[in-house]
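*Asks:* Quick note on the UniProt record's numbering: the sequence shown kicks off at 1 and runs consecutively. Glycine is no exception: its CB is placed at the ideal position from the N, C-alpha and C atoms. Please read all numbers here as calculations on a predicted model, not as lab measurements.
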Amino acid sequence: MNVSEVMHTPVQCCHPGDSLEMAAQMMAQNDCGAIAVVDETNHAIGIVTDRDIALVAAQRHQPLWELKAGELSGQHDLYTCHDDTDVHEALHMMADKKVRRLPVIGADGELHGMVAMSDILHRLSMSGVTARNAPEDWREALEAFNHITSPSLPMVMPDMGM
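#1: By Cβ distance, which residues of its chain are closer than 8 Å to E110, with the 5 residues on each side in sequence left out?
#2: Could you check what DSSP says for G70 in three-state terms: helix, strand or coil?
#3: Does the pairing of the stretch 78 to 97 with the stretch 55 to 63 give three or more beta-carbon distances under 8 Å?
#4: Could you tell me the alpha carbon to alpha carbon distance between Q12 and I45, rounded to whole angstroms?
#5: Return the CA-CA distance between S125 and H61, expressed in angstroms with no decimal places.
#6: Under a three-way DSSP split, which group does V6 fall into?
#7: Output the distance between the C-alpha atoms of D18 and K68, rounded to the nearest integer angstrom.
#8: For S103, which beta-bridge partners are listed by DSSP?
#9: Taking buried to mean at least 16 other C-beta atoms within 10 Å of its own C-beta, is S118 buried or exposed?
#10: Measuring straight from C-alpha to C-alpha, what distance separates P103 and P63?
#11: I need the DSSP call for D39, collapsed to helix, strand or coil.
#12: DSSP state of D96, grouped into three classes?
#13: For K97 and W65, what's the separation of their Cα atoms in angstroms?
#14: Check whether the Cβ of Q25 lies closer than 6 Å to any heavy atom of the ligand MG, and answer yes or no.
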């Protein structure tokens, strides 16, 4: 299964000069946890997450309308995958890079979608993959990911009927 089968489209986007206030409003209006920061040719140059905005709001004493999406998204590396990337590979990349979402890039280099860990886990549960029957390498990636996001909690993996 490729990420193109589970990614969200259309992707909510903003430009580097847009305010974090606008980015937060877009996330709230569209019920999404991240928006891509794109250049004028629709190439992803960053990502802003709800967590990023919450952290910057707590750490800085500056209104969100004064801060720009490009400033925040430029503070960390951008990890992406291609629309033909296998979800297994995307899962491992997320665990390795300690991220929960990946912008999905097409062969043309343009932004095509956004895939989240929750999208992959939901699709796994819908296809009958459970904690009991998941391949070992999936369990290892999920354990690593779960440790990243919630180090004090035990691994949780979708399990139908448990």
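*Replies:* Checking against the coordinates, here is how it stands:
#1: T41, N42, H43
#2: helix
#3: no
#4: 14 Å
#5: 42 Å
#6: coil
#7: 6 Å
#8: It is Pro, not Ser, that sits at residue 103 in the sequence shown. DSSP output for P103 lists M114 as bridge partner(s).
#9: exposed
#10: 27 Å
#11: coil
#12: helix
#13: 29 Å
#14: Here there are no bound small molecules, and the ligand MG is not part of this structure.
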